[in-house]
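Just so you know, the protein sequences line up as chains A and B, in that order. So the first sequence is numbered by my numbering: it starts at 9 and just counts up by one. So the second sequence is numbered by my numbering: it starts at 9 and just counts up by one. All C-beta atoms, glycine included, are put in the ideal place defined by N, C-alpha and C. Below: one structure, written as structure tokens.
2 protein chains.
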Amino acid sequence: MNKITFSTFLTSNTDLDETMIAELMRHCRTLFFKKGDFLLRQGDTCHASFFVEKGLVRQYGIDNEGKEHILQFAPEGWIVTDRDSLYNKTPAAYFIQAIEDTSIFLIEEELVSKLTKSHSNFTTFNDTLLHNHIRQLTKRIYQLLSASAEDRYLSFIKTYPDILLRVPQTMVASYLGITPESLSRVRKSLSGKNFKK
Amino acid sequence: MNKITFSTFLTSNTDLDETMIAELMRHCRTLFFKKGDFLLRQGDTCHASFFVEKGLVRQYGIDNEGKEHILQFAPEGWIVTDRDSLYNKTPAAYFIQAIEDTSIFLIEEELVSKLTKSHSNFTTFNDTLLHNHIRQLTKRIYQLLSASAEDRYLSFIKTYPDILLRVPQTMVASYLGITPESLSRVRKSLSGKNFKK
């Protein structure tokens with residue numbers, strides 16, 4: 009997957025003007041994380057949003073038995089953060105980790121806070137991000153409640169078309185809330201259906 | 009459960025001053041819904057947030073096989089709306105329905121929009137609502153991925169301590185994403201544990 013810069017993302021997806029985008033770019037910086045590095049650890053306070061320019065990260069939690077559960081993947085062009093920790097300055101409930109060597113455009117919350125106070129179009133951009141997040145989360149809950157393992161897998165491919173070959177099957181199963189064995193069955197069943205076509 | 013007025017809720021839970029609360033109260037109105045009435049139907053555009061003064065509502069969807077899946081209950085003191093439909097003026101993906109005779113304090117989005125433009129403390133209030141919503145949704149996803157049926161049920165009781173006797177078991181099972189038979193087993197197992205104490 010090609011690198012996506014934050015300025016390209018903003019130009020394509022928002023109404024922010026060039027001056028505002030230039031100001032954002034001037035105040036932010038790009039950080040590099042090796043595969044396995046943590047952008048945020050559970051228990052730390054989150055101070056920034058992370059825009060993925062190149063690479064792949066995941067947000068996940070670990071249960072009492074040491075099992076990992078993946079809330080979200082974020083490939084190129086996605087923003088990931090711990091909204092609760094960021095807003096309420098509370099310890100993060102989940103980890104955010106690079107699962108490939110990853111280049112992150114770091115957007116400090118302090119800057120976001122300053123810009124939303126002074127620029128109404130930036131406030132609109134931030135509001136849109138919050139509402140998009142709520143829509144995605146609600147959709148994910150509804151799917152976990154209602155969809156079969158097969159439908160969840162098909163929806164996963166639609167949401168993340170480029171990452172299926174970039175993550176281990178155990179992580180896909182963790183995201184879908186099914187066992188790796190169920191995932192194997194789903195994949196076999198679907199490849200059988202394609203074969204019959 | 010006793011009636012909770014929106015002004016009491018705002019006084020207890022926000023930093024909004026009396027003048028602001030009075031202005032809100034002056035521009036809003038209370039509506040009454042009979043048990044079974046819809047506050048919002050799937051496909052309609054949502055124009056307001058609903059504060060439950062007295063009664064109980066649910067937000068739910070119906071899958072292709074006609075089965076209902078409950079995203080949320082909202083008893084006294086809760087706010088429920090379709091954020092995506094409200095913000096993007098798109099057709100609502102889910103239903104919001106009274107499951108008891110319910111008194112709703114209706115907060116029109118047009119008013120919220122006006123107040124957030126002119127009063128920074130109202131903007132903060134609205135931002136807090138959005139972030140609380142994101143926290144609750146994320147927690148619910150994590151729980152659906154990681155928790156046993158028993159733990160989900162215990163968490164349900166904690167989230168909604170007053171409504172267990174007010175909703176049919178089929179709705180509780182639908183909210184938890186388990187079958188009514190599994191819910192019966194969980195309840196039996198838990199009552200067994202209590203008996204042994």
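Of the residues the options, which one's Cα is nearest the Cα of residue i?
| i | options | result |
| --- | --- | --- |
| A/Gly185 | A/Ile112, A/Asp135, A/Gln80 | A/Gln80 |
| B/Asp90 | B/Val175, B/Glu84, B/Gln67, B/Thr110 | B/Gln67 |
| A/Gly74 | B/Ser154, B/Glu31, B/Glu76 | B/Ser154 |
| B/Phe133 | B/Leu24, B/Pro188, B/Cys54 | B/Leu24 |
| A/Met9 | A/His127, A/Gly69, A/Gly63 | A/Gly63 |
| B/Ile29 | B/Phe40, B/Thr38, B/Phe17 | B/Phe17 |
| B/Ile115 | B/Leu162, B/Leu32, B/Lys201 | B/Leu32 |
| A/Ser57 | A/Trp86, A/Leu172, A/Asn21, A/Gln177 | A/Trp86 |
| B/Thr110 | B/Leu172, B/Gln144, B/Lys43 | B/Lys43 |
| A/Asp159 | B/Thr19, B/Asp71, B/Asp52 | B/Asp71 |
| B/Thr178 | B/Glu76, B/Leu198, B/Lys201, B/Leu152 | B/Glu76 |
Give the DSSP bridge partners of residue i, in chain order.
| i | result |
| --- | --- |
| B/Leu48 | B/Ile104 |
| B/Glu116 | B/Ala56 |
| B/Gln77 | For the record, residue 77 of chain B in the displayed sequence is His; it is not Gln. The partner list for B/His77 (beta bridge, DSSP) reads B/Gly69. |
| B/Leu198 | Partner(s): none; B/Leu198 has no beta bridge. |
| A/Lys1 | This structure leaves residue 1 of chain A out entirely; chain A is present only between 9 and 205. |
| A/Arg37 | A/Leu114 |
| A/Pro99 | A/Thr53 |
| A/Ile87 | A/Phe59 |
What is the C-beta distance between residue i and residue j, in whole angstroms, given that I count them as a contact (C-beta under 8 Å)?
| i | j | result |
| --- | --- | --- |
| B/Phe14 | B/Glu61 | 7 Å |
| A/Asp92 | B/His141 | Incorrect: roughly 11 Å between the Cβ atoms, too far for contact. |
| B/Phe130 | B/Thr136 | Not really, about 11 Å apart at Cβ, beyond 8 Å. |
| A/Ser182 | A/Ile12 | With 8 Å as the limit, A/Ser182 and A/Ile12 do not qualify as a contact, their Cβ atoms being about 26 Å apart. |
| B/Phe59 | B/Ile112 | 7 Å |
| B/Val88 | B/Val120 | The Cβ separation is near 15 Å, so there is no contact. |
| A/Val180 | A/Phe164 | 7 Å |
| A/Cys36 | A/Ala100 | About 21 Å; that fails the 8 Å criterion. |
| A/Leu47 | A/Phe41 | 6 Å |
| A/Arg148 | B/Ile107 | Not really, about 24 Å apart at Cβ, beyond 8 Å. |
| A/Val2 | A/Tyr161 | Outside the shown range of chain A, which is 9 to 205, sits residue 2 of chain A, and nothing can be said about it. |
| B/Leu145 | A/Thr146 | 6 Å |
| A/Ser190 | A/Ala157 | 5 Å |
| B/Gln50 | B/Tyr95 | The Cβ separation is near 17 Å, so there is no contact. |
| A/Leu152 | B/Leu152 | 4 Å |
*Give the residues from the region 136-154 of chain A that approach chain B closer than 7 Å (Cβ to any Cβ), ordered along the chain.*
Leu138, His139, His141, Ile142, Arg143, Leu145, Thr146, Arg148, Ile149, Tyr150, Leu152, Leu153, Ser154
*asked:* At a CB distance below 7 Å, what residues from the region 104-125 of chain A approach chain B? Give them in sequence order.
replied: none
*Along the region 167-188 of chain A, what residues have a CB closer than 7 Å to any CB found in chain B?*
Gly185
*Would you mind listing the beta strand (DSSP E) stretches within the region 110-181 of chain A that are 3+ residues and don't spill past its ends, in chain order?*
110-116
*Tell me the start and end of each unbroken alpha helix (DSSP H) in the region 9-38 of chain B that is at least 4 residues and wholly inside, in chain order.*
14-21, 26-35
*Relative to chain B, which residues along the region 87-102 of chain A have a C-beta separation below 8 Å, given in chain order?*
Arg91, Asp92, Tyr95, Asn96, Ala101, Tyr102
*What residues from the region 51-73 of chain A come within 7 Å of chain B, judged by C-beta to C-beta, listed N to C?*
Going along the region 51-73 of chain A in chain order, one finds Gly69, Asp71 with a Cβ nearer than 7 Å to chain B.
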